[in-house]
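Novice:
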Amino acid sequence: MLNPDKYIRKYFYHYLTGEGLNVFDSSQGVDNEDFCVLLSTQIKVLEHGNKCVKNWDSTILIEIIQRVPNVGNTGSRAAINDAENEVAVAYELFEIEEFTPTTKAYSSTDLVTYGLNEIINRTIVTINLKLYQNEYNTD
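For the sequence shown, the working numbering begins at 29 and goes up steadily by one.
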């Protein structure tokens, strides 16, 4: 039985870094990037179809983070929208060799945090995947 988590992270990591985005796995690097993508939280439930079939109900949260100074005009959130568009394209094209997606769902939420010296704009994308795994595919 394969755990789909690493394959899902690997897919989104490679796709998004290929589009020029700084992507981190679960936590940001020490440099506190002003703009980055986090592959933050994953949840999965194994559903047994029959003895030969395993179905995974898997969710990944992808956080797009933009930090801007909290002075004057803080600029546009267009870059965060562009990054979310890249996540949406990756979602549409989602394909991994080890699993076959049978259903997919995409949603997003925008959050803004105002600090003393900075504003943090975040878009949190939730991607739900129902994945089919053939029991014989155990590599």
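From the three backbone atoms N, C-alpha and C, an ideal C-beta is built for every residue, glycine too.
1. What is the DSSP secondary structure of Leu44, counted as helix, strand or coil?
2. When the Cα of Ile88 is compared with those of Pro129, Ile155, Arg105, Glu114, which residue comes out closest?
3. Pick from Thr131, Cys64, Glu91, Val81: whose alpha carbon is nearest that of Gln70?
4. Would you tell me roughly how many angstroms separate the C-alpha atoms of Trp84 and Ile148, rounded to the nearest one?
5. Skipping 5 residues on each side, what residues in its chain have a beta carbon closer than 6 Å to that of Thr137?
6. Taking a contact to mean a Cβ-Cβ separation below 8 Å, would you say Glu146 touches Arg95 in this structure?
7. Closer than 7 Å to a non-hydrogen atom of the ligand SAH - does that hold for the CB of Glu114?
8. Measure from the alpha carbon of Leu74 to the alpha carbon of each residue in Glu47, Ser54, Leu44, Pro32, then state which is nearest.
9. Out of Thr130, Pro129, Ile108, which one is the CA nearest neighbour of Cys64?
10. Evaluate Glu112 with the Cβ neighbour count: other Cβ atoms within 10 Å of its Cβ, from every protein chain shown; 16 or more gives buried, anything less gives exposed.
11. Residues bridged to Asp53 by DSSP?
12. What is the rounded straight-line gap between the Cα of Glu120 and the Cα of Glu47?
13. Kindly indicate the opening and closing residues of the beta strand (DSSP E) around Asp62.
Specialist: On the basis of the data shown:
1. By one-based count along the sequence shown, residue 44 stands at place 16. Annotated three-state conformation of Leu44 is helix, per DSSP.
2. In the sequence shown, the residue the question calls residue 88 occupies position 60. The shortest Cα separation from Ile88 among Pro129, Ile155, Arg105, Glu114 belongs to Ile155.
3. As a position in the sequence shown, residue 70 is number 42, starting the count at 1. When each option's Cα is compared against that of Gln70, the closest is Glu91.
4. Position 56 of the sequence shown, counted from the start, is the residue given in the question as residue 84. Position 120 of the sequence shown, counted from the start, is the residue given in the question as residue 148. Each residue's Cα considered, the two are about 34 Å apart.
5. Position 109 of the sequence shown, counting from 1, holds the residue named residue 137. These residues qualify, in order along the chain: Ile152.
6. As a position in the sequence shown, residue 146 is number 118, starting the count at 1. As a position in the sequence shown, residue 95 is number 67, starting the count at 1. Yes, they are a contact pair.
7. This structure lacks the ligand SAH; in fact it carries no ligand of any kind.
8. For the purposes of this step, residue 74 is identified with residue 46 of the sequence shown, where counting begins at 1. Taking only the C-alpha atoms, the option nearest Leu74 is Pro32.
9. Numbered from 1 along the sequence shown, position 36 holds the residue referred to as residue 64. For Cys64, the closest C-alpha among the options Thr130, Pro129, Ile108 is that of Ile108.
10. Within the sequence shown, the letter at position 84 stands for residue 112. Around the beta carbon of Glu112, a 10 Å sphere encloses 16 or more other beta carbons of the protein chains shown; the residue is thus reported as buried.
11. Here the question's residue 53 lines up with position 25 in the sequence shown. Note: Asp53 is bridge-paired with Leu67 in the DSSP secondary-structure output.
12. As a working note, residue 120 is residue 92 in the sequence shown. As a working note, residue 47 is residue 19 in the sequence shown. The alpha-carbon of Glu120 is positioned some 15 Å away from that of Glu47.
13. Position 34 of the sequence shown, counting from 1, holds the residue named residue 62. It is not in any beta strand (DSSP E) - Asp62 carries neither H nor E in the DSSP assignment.
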